[in-house]
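Report on one structure; see the data block that follows.
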Amino acid sequence: MFRAYLKVQIKRLLRVLPMAVLFNFIMILGICAIFVFTIAIQSRGEKRIGVGVVGNIENKYMKLGVEMLNNMDASRFSVKFESLDEENAKKALREGRIAGYFKIDKDFIEGLENGENRPVIYVSSSGGLMNELSKEVASVFSVLIVNSERVIYAVDEYLSEHKNVYDRETANTELNMSLLKNVFTRGKIYNIETKALTGEVSVKDNYICAMIIILTALSGVGLGSLLSGKKDTLQEVLKSRGLSYISSIICELITVTLYILILIIFGFGIFLLAINFLQDESFISPDYFEFFCNIFAVSIMFASMHLFIYELIYQRVTAVLTEIILGISLCYIGGCIYPLSFFPDIIQKISVFLPSTAGKNILISGLGYRLDLFSLAVVFLYTVLFMGGVYVLRCKK
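Just so we're on the same page, my numbering is the position in the sequence shown counted from 1, plus 1.
Spelled out as structure tokens, the structure:
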């Protein structure tokens, strides 16, 4: 009887499969749109810091200095200098396009030529990490410029009084070149370190696992025609023919798990194969056997969750809405849409107990990362609880 009921469930699945796959394909497009938007935001945050330079850009020395900063200076990889008039600089600062701007007096260059130390004004927004960083950058500017001036003037004055020590013009040229070299390699003064939002896990691996979790968590939306409705009469008939509640639940669990795996293979699998073909890199290899086993374990957990929801809620529309709301909530709080580092500490602590977070951690461990035994225990516990809930509800009916 077990085999016969399993065949019936698989035949029912095959009848609803085309529409379910179509629906989930549309859902995958939406998921991809979400991740494109997320990646765009992240890449936007990795742009260089904008710094404005307000002054007489027609001055050849001024123009040359800005061009050298943008093309030769070591800071060009983290800071972008823009020549602006004061009105546009204020507007860019208000809109957040630049972190601040240097206001250089029109006689600044002439003052330097005459040995006068005229101030450079730096204007930035009030408060925030970017403001403090901008002040730090500005202080580096001021220290380098002032110390360079002092060295040049001190050496020039010394050689003017001691003409036999060294040629004054040669010393001036060599010293200027040495100081320029020091300024343009000031990237050695600081190190640029990019902190990954996903910790030690690469962005690609994190997105792959997160998308699989989103797909499996929302896959129950397409199961309405297969699982919704009252099953009291059918269960009584099956029980009278020797099929226990446990056996019928296992048959339905196998069917739903098969459905989820089909979605992953045809939906997400085609997407991965296309990307790997374009990158000339094979994703499917014997090394990923553990990863596919972990997908199977996670699929069983979410299949049991879908069975529990449809067993708990008779009405099809209500059950589908519950699947959507619960799936999106679990994926959002579980760090599948935004990295957990974006959330408060209390949310990060709670999320480790969610099936979405535990499932994603299990998938990540299959890509060569350390196995998270706690997440494995959470996945097993949720599977048992959901299956136990289905059994209790079916027995009460």
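Beta carbons: idealized from backbone N, C-alpha and C, even for Gly.
Nothing here was measured: the structure is a model prediction, and the numbers come from that model.
Pull up the DSSP beta-bridge partners for Val9, would you. Numbered from 1 along the sequence shown, position 8 holds the residue referred to as residue 9. Beta-bridge pairing links Val9 to no other residue.
Would you kindly report the start and end of the unbroken beta strand (DSSP E) that includes Ser203? The residue you call residue 203 lines up with position 202 of the sequence shown. No beta strand (DSSP E) holds Ser203; DSSP gives it neither H nor E.
Can you tell me the Cα-Cα spacing of Gln316 and Ser226, whole angstroms? By one-based count along the sequence shown, residue 316 stands at place 315. By one-based count along the sequence shown, residue 226 stands at place 225. Going by the C-alpha atoms only, they are around 11 Å apart.
If I measure Cβ to Cβ from Ile310 and keep anything under 8 Å in the same chain, skipping five residues before and after, which residues do I get? Sequence index remark: in the sequence shown, residue 310 carries index 309 (1-based). Only Gly221, Ala320, Thr323, Glu324, Leu327 meet the Cβ criterion.
Is Pro345 buried or exposed, if buried means 16 or more other CB atoms sit within 10 Å of its CB? For the purposes of this step, residue 345 is taken as residue 344 along the sequence shown, with counting starting at 1. Sixteen is the threshold: since fewer than 16 other Cβ atoms of the shown chains lie within 10 Å of the Cβ of Pro345, the residue is exposed.
Ignoring anything shorter than 4 residues, give me the alpha helix (DSSP H) runs that lie fully in the stretch 316-395, in order along the chain. With a minimum length of 4 residues, the continuous alpha helix (DSSP H) runs that stay inside the stretch 316-395 are 317-334, 346-352, 356-366.
Can you give me the start and stop residues for the beta strand (DSSP E) that Ile122 sits inside? Here the question's residue 122 lines up with position 121 in the sequence shown. Element bounds for Ile122: 122-125.
When we look at the beta-carbon of Ile334 and count the other beta-carbons within 10 Å, is it buried (16 or more) or exposed? Start at 1 with the first residue of the sequence shown, and residue 334 comes out as number 333. By the 10 Å Cβ count, Ile334 comes out buried.
Kindly identify the DSSP beta-bridge partner or partners of Gly1. It is not possible to answer for residue 1, since the shown part of the chain is limited to 2 through 398.
So, using beta-carbon positions, are Glu291 and Gly367 closer together than 7 Å? Counted from its first residue, the sequence shown places residue 291 at position 290. Counted from its first residue, the sequence shown places residue 367 at position 366. Less than 7 Å divides the Cβ of Glu291 from the Cβ of Gly367.
In three-state DSSP terms, what is Gly31? For the purposes of this step, residue 31 is identified with residue 30 of the sequence shown, where counting begins at 1. The answer is helix: DSSP assigns Gly31 an H, G or I state.
Residues of its chain near Leu239, where Cβ-Cβ distance is below 6 Å and the 5 sequence neighbours each way are ignored: Locating residue 239 in the sequence shown gives position 238, where the first residue counts as 1. Only residues of its own chain outside the window of five on either side were considered, and among them Ser249 have a CB closer than 6 Å to the CB of Leu239, listed in chain order.
Below 7 Å between beta carbons: does that hold for Tyr102 and Gly53? As a position in the sequence shown, residue 102 is number 101, starting the count at 1. As a position in the sequence shown, residue 53 is number 52, starting the count at 1. Contact flag set, yes.
When the Cα of Ile314 is compared with those of Met2, Tyr123, Glu158, Leu228, which residue comes out closest? Stepping through the sequence shown from its first residue, residue 314 is reached at position 313. Answer by Cα proximity: Leu228.
What residues in its chain sit with their C-beta under 7 Å from that of Arg13, if we drop five residues either side in the sequence? Position 12 of the sequence shown holds residue 13. Excluding positions up to five away in sequence, the list reads Leu227.
Bounding residues of the beta strand (DSSP E) (the contiguous stretch that carries Lys104): In the sequence shown, counting from the first residue as 1, residue 104 sits at position 103. Residue range 101-104 is occupied by the beta strand (DSSP E) that includes Lys104.
How would you write the range of the alpha helix (DSSP H) that Tyr289 sits in, first residue to last? The count along the sequence shown starts at 1 and reaches residue 289 at position 288. First-last for Tyr289: undefined, no H or E at that position.
Straight-line CA distance for Asp157 to Leu176? Along the sequence shown, read from residue 1 onward, the residue named residue 157 stands at position 156. Along the sequence shown, read from residue 1 onward, the residue named residue 176 stands at position 175. Asp157 and Leu176: Cα-Cα distance of roughly 10 Å.
Count the other C-beta atoms from every protein chain shown that fall within 10 angstroms of the C-beta of Ala378, then say buried if there are 16 or more, exposed otherwise. The residue given as residue 378 occupies position 377 in the sequence shown. Exposed, since its Cβ has fewer than 16 Cβ neighbours within 10 Å.
Do the stretch 10-24 and the stretch 203-216 meet, that is, are 3 or more Cβ pairs less than 8 Å apart? Too few Cβ pairs lie closer than 8 Å, so no.
Please confirm whether Asn25 and Leu264 have their CB atoms less than 7 Å apart. As a first step, residue 25 is located in the sequence shown; it is residue number 24 there, counting from the start. As a first step, residue 264 is located in the sequence shown; it is residue number 263 there, counting from the start. For Asn25 and Leu264, yes; Cβs fall inside 7 Å.
Anyone know if the C-beta pair for Val391 and Met302 falls short of 7 Å? If you number the sequence shown from 1, residue 391 lands on position 390. If you number the sequence shown from 1, residue 302 lands on position 301. It is not a contact, given that the beta carbons lie outside the stated cut-off.
How close, in whole Å, do the beta carbons of Phe3 and Cys252 come, if the pair is a contact with beta carbons under 8 Å? In the sequence shown, the residue the question calls residue 3 occupies position 2. In the sequence shown, the residue the question calls residue 252 occupies position 251. Going by Cβ atoms, the distance from Phe3 to Cys252 rounds to 7 Å, so yes, they are a contact pair.
What are the boundary residues of the alpha helix (DSSP H) that includes Asn89? Counting from one through the sequence shown, the residue named residue 89 turns up at place 88. For Asn89, the uninterrupted alpha helix (DSSP H) segment begins and ends at 87-96.
Using the Cα positions of Ser330 and Lys231, report the straight-line distance between them to the nearest angstrom. Your numbering for residue 330 matches position 329 in the sequence shown. Your numbering for residue 231 matches position 230 in the sequence shown. Put simply, the backbone Cα of Ser330 is about 27 Å away from that of Lys231.
In or out: Ser179 buried (at least 16 other Cβ within 10 Å) or exposed? Start at 1 with the first residue of the sequence shown, and residue 179 comes out as number 178. With fewer than 16 other CB atoms across the displayed protein chains lying within 10 angstroms of its CB, Ser179 is exposed.
Look at the alpha carbon of Phe375 and the alpha carbon of Leu30, and state the distance between them as a whole number of angstroms. Reading the sequence shown from its first residue, position 374 is the one you call residue 375. Reading the sequence shown from its first residue, position 29 is the one you call residue 30. Taking the straight line from one Cα to the other gives about 32 Å.
Take the Cβ of Glu312 as the centre, count every other Cβ of all protein chains shown within 10 Å, and call the residue buried at 16 or more, exposed below. Numbered from its first residue, the sequence shown carries residue 312 at position 311. Its Cβ being crowded by 16 or more others within 10 Å, Glu312 is buried.
Could you tell me the boundaries of the alpha helix (DSSP H) in which Tyr400 lies? The chain is shown from 2 up to 398; residue 400 falls before or after that span and cannot be answered.
Please report the distance separating the alpha-carbon of Val393 from that of Glu96. Residue numbering aside, residue 393 sits at position 392 when the sequence shown is read from its first letter. Residue numbering aside, residue 96 sits at position 95 when the sequence shown is read from its first letter. Rounded to whole angstroms, Val393 to Glu96 spans 58 Å at the Cα level.
Apart from the five residues on each side of it in sequence, which residues of its chain come closer than 8 Å, Cβ to Cβ, to Ser300? As a first step, residue 300 is located in the sequence shown; it is residue number 299 there, counting from the start. Hits under 8 Å: Thr217, Thr258, Ile261, Leu262, Ile265.
Mind checking whether Ala304 and Leu254 have CB atoms under 7 Å apart? Along the sequence shown, read from residue 1 onward, the residue named residue 304 stands at position 303. Along the sequence shown, read from residue 1 onward, the residue named residue 254 stands at position 253. Against a cut-off of 7 Å, the Cβ pair of Leu254 and Ala304 comes out as a contact.
Near Leu7, which residues of its chain fall below 8 Å by C-beta distance, leaving aside the five closest residues on each side in sequence? In the sequence shown, the residue the question calls residue 7 occupies position 6. Around Leu7: Cys252, Ile255, Thr256.
What does a CB cutoff of less than 8 Å around Cys18 pick up in its chain, not counting 5 residues either side in sequence? Within the sequence shown, the letter at position 17 stands for residue 18. In the sequence as displayed, the identity of residue 18 is Leu instead of Cys. Tyr260, Ile263.
Do Ile365 and Val202 have their CB atoms nearer than 7 Å? Working through the sequence shown from its first residue, we reach residue 365 at position 364. Working through the sequence shown from its first residue, we reach residue 202 at position 201. For Ile365 and Val202, yes; Cβs fall inside 7 Å.
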